[in-house]
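Enquirer: Before I ask anything, let me first share the structure, which is written out below as structure tokens.
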Amino acid sequence: MGRWIGDSICQVKNSPCHDEKAVYQIFKSQQGGKFTIDLGKVVNGEAESMVVLDFEYDVTAKTLACTYDHGTWEFTVSGNQMVGTLTTPDKVVYRRVHLQKDEL
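Every letter in the sequence shown is one number past the one before it in the working numbering, and letter 32, counting from 1, is 133.
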């Protein structure tokens, strides 16, 4: 839980996608076993929310996953690091994300 910051890098060239500085806020959901993530980016030095989604947490695999209209987000958590992807419904890896927990 908490604030995570890092890089969100586009994997599909010549697309509307742009590399971004990511700022994600993770909250424990009111639904058991789920976490709510506010996926944001930095715009003009300020965090801007893009979408808020509910993720399932797999305790054994240490993964967070969410499938919605635009594809599937999946993150692997390892201590204060989190890496993941956004994969489109047609199975194209659209973004790769590397985040570090903000300890402030």
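C-beta: ideal position from N, C-alpha, C; glycine also.
Quick check on DSSP: helix, strand or coil for residue 118?
Expert: Here residue 118 is taken as the residue at index 17 of the sequence shown, counted from 1. Three-state result, residue 118: coil.
Enquirer: If you follow the beta strand (DSSP E) that residue 199 is in, where does it begin and where does it stop?
Expert: As a position in the sequence shown, residue 199 is number 98, starting the count at 1. Segment 194-202, the beta strand (DSSP E) holding residue 199.
Enquirer: Assuming residue 136 and residue 165 are in contact, meaning their beta carbons sit under 8 Å apart, how far apart are those beta carbons, in whole angstroms?
Expert: Sequence index remark: in the sequence shown, residue 136 carries index 35 (1-based). Sequence index remark: in the sequence shown, residue 165 carries index 64 (1-based). About 6 Å separates the two Cβ atoms, so the contact holds.
Enquirer: Count the other CB atoms, across all protein chains shown, that sit within 10 Å of the CB of residue 102; report buried if there are 16 or more and exposed otherwise.
Expert: Within the sequence shown, the letter at position 1 stands for residue 102. Exposed is the call here.
Enquirer: What is the rounded straight-line gap between the Cα of residue 158 and the Cα of residue 116?
Expert: As a first step, residue 158 is located in the sequence shown; it is residue number 57 there, counting from the start. As a first step, residue 116 is located in the sequence shown; it is residue number 15 there, counting from the start. Each residue's Cα considered, the two are about 30 Å apart.
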